[in-house]
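Participant: Residue numbers (this note's numbering): 1 to 145.
The beta-carbon is built from N, C-alpha and C at its ideal position, and this holds for glycine as well.
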């Protein structure tokens with residue numbers, strides 16, 4: 001039985017995969033409308049290479065920048081933190097050099113830090129695109145313990 005998900009972010013959607021084929025189609029259309037030789041095979045290859053590169057980027061973002069909060073676990077990127085280890089969510093200051101959850105040196109671009117005090121006294125930085133929502137969900141879980 002899977003746990004109830006309280007908060008989730010995917011990290012990225014798959015729609016950027018359209019960039020490569022659209023760029024290649026635009027290039028092929030410009031070339032068709034221009035005098036001179038046409039290199040449609042090359043445009044197909046370029047579209048495929050761009051799609052592959054974008055697929056790797058999206059896969060990486062979905063793996064390293066995803067957030068999932070269940071009733072027992074906060075997962076940020078590659079790191080899982082049991083909710084039972086979280087002592088406080090609100091009124092936690094952010095000390096310089098606080099460890100960022102997920103294995104990165106900084107919070108991912110487009111996200112905001114959410115400082116958490118652990119039961120050991122250490123302050124770590126969680127992160128989310130909607131930090132107020134993540135904080136509210138975490139606060140409910142910590143209070144319910």
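Mark residue 47 as exposed unless 16 or more other C-beta atoms lie within 10 angstroms of its C-beta, in which case mark it buried.
Facilitator: Residue 47 should be labelled buried.
Participant: State the start and end residues of the unbroken alpha helix (DSSP H) segment that holds residue 64.
Facilitator: Counting along the chain, the alpha helix (DSSP H) containing residue 64 begins and ends at 40-64.
Participant: What whole-angstrom Cβ distance do residue 86 and residue 116 have, given they're in contact under 8 angstroms?
Facilitator: Indeed, because the Cβ distance is near 5 angstroms, the residues count as touching under 8 angstroms.
Participant: Let me check understanding here. Comparing Cα to Cα, which of 60, 24, 35 lies closest to residue 43?
Facilitator: For residue 43, the nearest C-alpha among the options comes from 24.
Participant: Among the candidates 123, 144, 17, 134, whose CA atom is the shortest distance from the CA of residue 5?
Facilitator: For the residues 123, 144, 17, 134, the minimum Cα distance to residue 5 belongs to 134.
Participant: Which residue comes first and which comes last in the beta strand (DSSP E) that contains residue 134?
Facilitator: Looking at the DSSP string, residue 134 is not in any beta strand (DSSP E); the run it does join, the alpha helix (DSSP H), is 131-144.
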